[in-house]
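Here is the structure we will look at.
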Amino acid sequence: MDMESSDPNFNRFLHQLQAETQRQRYSEQVRTLTNRCWDVCFGDSRPPGKLDSKTQTCLSNCVNRMIDSLNFIVENIQKMDKSKLA
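Encoded structure:
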């Protein structure tokens, strides 16, 4: 008999492990995209004392693209999960 289907504790552990892996992937993507926005909008590695409109627009656009990217990632992870269940 397959251990996965017979042991509810194992199934619960497996589900928690998969959820944690997804959280780690998501966190890594947030870190990567945040670093990119920082590098693009603050090329000298220091934010100025006051943000000018160009920098504000850069950050806003970058964050919006980051959100779009993260939504894309989440949707694809959910699709992968659904295809594994099918």
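Terminal number for the sequence shown in our numbering: 87, no gaps in between.
Note that CB positions come from ideal geometry on N, CA and C, so glycine has one too.
All figures in this text were calculated on a predicted structure; none of them were measured in a lab.
> For residue 77, which of 23, 9, 7 and 55 has the nearest alpha-carbon?
Replying inline: 23
>> Tell me whether the stretch 12-22 and the stretch 38-55 touch, counting them as touching only if at least three CB pairs, one residue from each stretch, are closer than 8 Å.
In response: At 8 Å Cβ cutoff, the stretches do not touch.
> Does DSSP classify residue 47 as helix, strand or coil?
Replying inline: Reduced to three states, the DSSP call for residue 47 is coil.
> From 7, 11, 12 and 27, pick the residue whose C-alpha is nearest to that of residue 73; which is it?
Replying inline: 27
> Does DSSP classify residue 69 as helix, strand or coil?
Replying inline: helix
>> Could you tell me the alpha carbon to alpha carbon distance between residue 36 and residue 71, rounded to whole angstroms?
In response: 14 Å
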